[in-house]
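Numbering (this note's numbering), first residue to last: 161 to 576. Cβ coordinates follow ideal geometry from the N, Cα and C atoms, glycine included. As C-alpha cells, the structure follows; a few thoughts come after it.
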C-alpha cells in the first residue's frame, strides 16, 4: 500500500475538518450558509481499463458544496434589518461604482442602515439595490432616502355621523353663531388648505320650528365671521329617525359647501357627508367625524412591506412610497462564487441572475421580506459537532494507516 493513499485520506479528512470548523465558527454569522466537503474515490487505470484486482488509490475532494436552506428568523427592533423568507438574494452595489447601477455582489445578510448620504448600506458600505420612486416613475439603482418633508393635502371631504335629539326645542330667534340660544348643538373639526395650514370648521345645528323632522346646518370657518353656507344645509328625517334628504335631494347624503378663498393657498372646497346620521329621542351624539386633509409632516422613519415596498413615514401620520427592494435568483446557486462577508458573486457556473433588474419580493420565484428581522446562520451545531467527531476519527484512522505502513516497511528492511 503506497503512502499516497493514506496521505490522500489525511488531506480529505483535513479538508472535512476545516469545512466543519468553518461552519461551527460561523454558527452566529447572520446570513451565513453552511458548506459540506464532497469526495470521490480514486482508481488507477490503464489503456486497458481498471483491473478488478487493482486496489483504490485513495480519495480526492471534488467540491465544497454550499447549502442555501432557510435559516431561522431572529426579530429585532430595526426596520432596516431585513430577512428573506424563501428564495432569493439582496443585490449589493459597489459604492465606488454607484453610477453602474447594477449589483456586483449578492447576500442573504439583511443588516442594513442609512449612511450620511441617505443610502441604504450594509456594514461594508455596499449599497442595497432596488428602484427609487421619481416624478417619472421608478428608476433602478442604489436605494437612497432623500425625503425631508411630507407633502400636505388640502381637505376636500368631511364626514359626520350624528344623532340629533328629536325632542329638542327649536330656537326662537334668528341664527347667530355668537349666541348659543339660537342653535341647538355645535361641533368643530380641523381642516387643512393646500399649504397644510389648519383651519377650524364649526358646524351649528338648528332645529326647524316650522317643519317636523327638519334641521339646518350652518358652517363657519376660523371663527364666527366667514361662513361656508350662505344657504344653510337642510337635513330631513323620516318618522323612523333616518336621514332621507339633504338639501331636498333624496339621492345623496352629501352637500357641497361654499368655496373659501385663502391668501397664498388654493381655494378650499369641501363636500360634507352626513351618511349615518339619525334623529332619535336621545341626546345629541357624534358617532364619527373625519376629514381627508393633513398638514406637512417631518420625516419620522421608514416602513418596509413584505413585498419590498419602502415607505417614508411622517409625523402627520401619512406615508409616501419612495422605493422598492428587488431580489435576485440564479439558475445554479451552488455555482455562485464566495466573496466573503457573507456575499456571493456571479460566475460562469452560476450563470447571470434570472432577472437582470431583479424581481419584486413575493412574485415569481423569490420569497418575501420580513422587516425588523435577520436570517440567522443555517448551521445546526449539534449535527456539526457530531460530524466533527467523525472527521476527527477519519483523520486519526488515516494517520494510523501511515503508521502501519511505516511498520510494514521497517519489517521488510529488517529481513536478512
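Is the Cβ-Cβ distance between residue i and residue j less than 8 Å?
i           : j           : result
residue 360 : residue 344 : no
residue 487 : residue 248 : yes
residue 267 : residue 571 : no
residue 428 : residue 353 : yes
residue 149 : residue 286 : The structure shown does not extend to residue 149, since the chain spans only 161 to 576, so no value can be given for it.
residue 327 : residue 441 : yes
residue 538 : residue 179 : no
residue 457 : residue 239 : no
residue 515 : residue 490 : no
residue 221 : residue 172 : yes
residue 529 : residue 464 : yes
residue 389 : residue 418 : yes
residue 306 : residue 278 : yes
residue 432 : residue 393 : yes
residue 541 : residue 187 : yes
As a quick exercise: from the options, pick the residue whose alpha carbon is nearest that of residue i.
i           : options               : result
residue 192 : 372, 232 and 166      : 232
residue 404 : 435, 417, 227 and 422 : 435
residue 459 : 482, 523, 499 and 447 : 482
residue 369 : 186, 475, 329 and 315 : 329
residue 256 : 218, 237, 393 and 302 : 302
residue 176 : 560, 203 and 544      : 544
residue 168 : 217, 181, 194 and 188 : 217
residue 384 : 188, 397, 480 and 340 : 340
residue 226 : 254, 196, 201 and 200 : 196
residue 237 : 555, 531, 421 and 559 : 531
residue 421 : 386, 455, 468 and 444 : 386
residue 391 : 408, 397, 402 and 467 : 408
residue 423 : 264, 311 and 357      : 357
residue 348 : 402, 265 and 450      : 450
residue 200 : 183, 186 and 224      : 224
residue 476 : 552, 265 and 308      : 308
residue 304 : 495, 261, 265 and 331 : 261
Using C-beta distances below 8 Å, list every residue in its chain close to residue i, excluding the 5 sequence neighbours before and after it, in chain order.
i           : result
residue 527 : 244, 245, 246, 247, 248, 487 and 521
residue 364 : 335, 337, 343, 345, 346, 377, 378, 379 and 380
Skipping 5 residues on each side, what residues in its chain have a beta carbon closer than 7 Å to that of residue i?
i           : result
residue 271 : 190, 241, 282, 283 and 534
residue 518 : 251, 289, 486, 487 and 488
residue 497 : 504, 505 and 507
residue 314 : 352, 353, 354, 426, 428 and 453
residue 512 : 506
residue 299 : 291 and 292
Buried or exposed: residue i, going by 16 or more other Cβ atoms within 10 Å of its Cβ?
i           : result
residue 166 : buried
residue 549 : exposed
residue 318 : buried
residue 203 : exposed
residue 235 : exposed
residue 219 : buried
residue 439 : buried
residue 296 : exposed
residue 500 : exposed
residue 181 : exposed
residue 291 : buried
residue 273 : exposed
residue 546 : exposed
residue 649 : Because the chain here runs from 161 to 576, residue 649 falls outside it and cannot be looked at.
residue 437 : buried
Consult DSSP for residue i and reduce its assignment to one of helix, strand or coil.
i           : result
residue 320 : strand
residue 544 : helix
residue 555 : helix
residue 314 : coil
residue 304 : strand
residue 443 : coil
residue 169 : helix
residue 451 : strand
residue 340 : helix
residue 370 : coil
residue 481 : strand
residue 253 : strand
residue 237 : coil
residue 226 : strand
residue 495 : helix
residue 390 : coil
residue 346 : strand
residue 361 : strand
residue 549 : helix
residue 415 : strand
residue 531 : strand
residue 433 : strand
residue 180 : helix
residue 570 : helix
residue 560 : helix
With a threshold of 6 Å on Cβ separation, who are the neighbours of residue i within its own chain once the five nearest residues in sequence on each side are excluded?
i           : result
residue 275 : 281
residue 480 : 472
I'd like to confirm something about residue i: is its beta-carbon nearer than 7 Å to some heavy atom of the ligand COA, or not?
i           : result
residue 164 : As presented, the structure is devoid of all ligands, the ligand COA included, so that no description of it is given.
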